[in-house]
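Which chain is which? The protein sequence lines are A and B, in order. Just so you know, the first sequence maps onto residues 420 to 535 in this note's numbering. Just so you know, the second sequence maps onto residues 102 to 217 in this note's numbering. One structure is given below, encoded as structure tokens.
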Amino acid sequence: AQSVTQLDSHVSVSEGTPVLLRCNYSSSYSPSLFWYVQHPNKGLQLLLKYTSAATLVKGINGFEAEFKKSETSFHLTKPSAHMSDAAEYFCVVSQGMAGNNRKLIWGLGTSLAVNP
Amino acid sequence: KAGVTQTPRYLIKTRGQQVTLSCSPISGHRSVSWYQQTPGQGLQFLFEYFSETQRNKGNFPGRFSGRQFSNSRSEMNVSTLELGDSALYLCASSLRSSSGGGETQYFGPGTRLLVL
Chain A
420 AQSVTQLDSH VSVSEGTPVL LRCNYSSSYS PSLFWYVQHP NKGLQLLLKY TSAATLVKGI
480 NGFEAEFKKS ETSFHLTKPS AHMSDAAEYF CVVSQGMAGN NRKLIWGLGT SLAVNP
Chain B
102 KAGVTQTPRY LIKTRGQQVT LSCSPISGHR SVSWYQQTPG QGLQFLFEYF SETQRNKGNF
162 PGRFSGRQFS NSRSEMNVST LELGDSALYL CASSLRSSSG GGETQYFGPG TRLLVL
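Structure below.
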């Protein structure tokens with residue numbers, strides 16, 4: 420069965436330092452992978468997605484993620500954290516065969532705190 | 102372009118009642134997906150509607166149902182409410198069916214339902 424595991428439920432960094440949010444997935448088929456961000460009292464917003472093109476995916480707000488098939492990972496990184504990055508981050512993997520009836524499986528989220 | 106809107110934003114019901122939530126997708130989007138978000142379970146997929154047809158369904162009981170109208174607006178209904186139905190219900194729209202796996206979804210702010 421397909422699944423996604425976010426390895427840290429909480430991450431705390433200082434402003435200006437790098438961010439690493441870890442995500443491992445399992446999928447029997449070529450997956451599509453996403454990172455979404457949810458700020459308090461706001462809707463979910465897509466940060467970036469991987470759909471079998473370049474393995475290094477650049478997203479909005481300086482975030483990027485690298486698809487590593489051998490490690491079944493899709494970690495999210497940012498070189499320098501900003502206070503506005505404090506939010507909940509979700510890793511998402513598509514489940515099922517290519518074509519119809521794929522479902523998105525969501526990780527439980529990583530809460531990112533950015534300290535001044 | 103207006104984003105995804107959901108009404109109402111907050112709702113309080115008692116056990117045994119039923120509730121109807123509404124979602125208006127981004128103009129031109131034909132797919133609407135519904136999710137339940139709780140602290141313990143994360144985001145769980147309820148169902149997807151595309152061109153007024155249910156395309157995909159998660160593992161929820163039959164008390165949870167939905168429909169989509171010709172203007173792509175969607176409603177979700179929960180009958181015989183239980184305490185465990187308290188959650189944030191999120192609606193997401195996309196241009197094409199998200200069942201293909203790679204489609205970007207745009208989320209509304211959610212409806213927070215409290216069942217007493």
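All C-beta atoms in this analysis are idealised placements derived from N, C-alpha and C, irrespective of residue type, glycine included.
In DSSP terms, what residue i is bridged to
| i | result |
| --- | --- |
| Ser134 (chain B) | B:Glu149 and B:Ala193 |
| Phe170 (chain B) | Per DSSP, none; premise fails for Phe170 (chain B). |
| Gly211 (chain B) | According to DSSP, Gly211 (chain B) bridges with nothing at all. |
| Val430 (chain A) | A:Leu531 |
| Phe161 (chain B) | According to DSSP, which records beta bridges pairwise, Phe161 (chain B) is partnered with nothing at all. |
| Gly143 (chain B) | B:Thr139 |
| Val512 (chain A) | A:Leu452 and A:Ile524 |
| Ala506 (chain A) | A:Leu531 |
| Leu122 (chain B) | B:Met177 |
| Thr491 (chain A) | Beta-bridge pairing links Thr491 (chain A) to no other residue. |
Residue i versus residue j - alpha carbon distance
| i | j | result |
| --- | --- | --- |
| Lys114 (chain B) | Thr181 (chain B) | 10 angstroms |
| Val133 (chain B) | Leu465 (chain A) | 16 angstroms |
| His429 (chain A) | Ser195 (chain B) | 30 angstroms |
| Arg218 (chain B) | Gly481 (chain A) | Look at the range of chain B in this structure, 102 to 217, and you will see that residue 218 (chain B) is not part of it. |
| Pro126 (chain B) | Gly104 (chain B) | 7 angstroms |
| Val533 (chain A) | Pro437 (chain A) | 11 angstroms |
| His458 (chain A) | Pro140 (chain B) | 15 angstroms |
| Asp186 (chain B) | Asp504 (chain A) | 30 angstroms |
| Ala500 (chain A) | Ala473 (chain A) | 24 angstroms |
| Glu153 (chain B) | Gln425 (chain A) | 34 angstroms |
| Ser123 (chain B) | Leu217 (chain B) | 21 angstroms |
| Gly184 (chain B) | Phe486 (chain A) | For the sequence presented, residue 184 (chain B) should be read as Leu rather than Gly. Answer to the nearest angstrom: the Cα atoms are 40 angstroms apart. |
| Thr106 (chain B) | Arg174 (chain B) | 10 angstroms |
| Lys488 (chain A) | Lys497 (chain A) | 21 angstroms |
| Tyr111 (chain B) | His494 (chain A) | 34 angstroms |
| Gly159 (chain B) | Phe453 (chain A) | 19 angstroms |
| Phe146 (chain B) | Met502 (chain A) | 31 angstroms |
| Ser513 (chain A) | Ser492 (chain A) | 14 angstroms |
| Val511 (chain A) | Pro535 (chain A) | 29 angstroms |
| Glu176 (chain B) | Tyr207 (chain B) | 17 angstroms |
| Ser446 (chain A) | Ser431 (chain A) | 29 angstroms |
For residue i, the three-state DSSP class (helix, strand or coil)
| i | result |
| --- | --- |
| Ile127 (chain B) | coil |
| Ser499 (chain A) | coil |
| Asn534 (chain A) | strand |
| Gly185 (chain B) | helix |
| Arg116 (chain B) | coil |
| Val105 (chain B) | coil |
| Leu154 (chain B) | In the sequence as presented, Leu is not what sits at residue 154 (chain B); that position holds Thr. Thr154 (chain B) falls in the strand class under three-state DSSP. |
| Thr436 (chain A) | coil |
| Thr205 (chain B) | coil |
| Ser198 (chain B) | coil |
Contact check, residue i vs residue j, beta carbons under 8 angstroms
| i | j | result |
| --- | --- | --- |
| Leu144 (chain B) | Tyr150 (chain B) | no |
| Lys477 (chain A) | Ser451 (chain A) | no |
| Leu214 (chain B) | Ala193 (chain B) | no |
| Val423 (chain A) | Tyr444 (chain A) | yes |
| Gly462 (chain A) | Gly209 (chain B) | yes |
| Thr205 (chain B) | Pro109 (chain B) | no |
| Phe170 (chain B) | Val179 (chain B) | no |
| Tyr508 (chain A) | Leu440 (chain A) | yes |
| Ser449 (chain A) | Ser471 (chain A) | yes |
| Gln138 (chain B) | Leu191 (chain B) | yes |
| Leu531 (chain A) | Ala506 (chain A) | yes |
Proximal chain E residues relative to residue i, where beta-carbon distance stays under 9 angstroms
| i | result |
| --- | --- |
| Thr205 (chain B) | Although the question refers to chain E, the structure presented lacks it and instead comprises the protein chains A and B. |
Every unbroken beta strand (DSSP E) inside the stretch 438-489 of chain A [3 residues or more]: As far as the stretch 438-489 of chain A is concerned, its whole beta strand (DSSP E) runs of at least 3 residues are 438-440, 442-445, 452-457, 463-469, 475-477 and 483-487.
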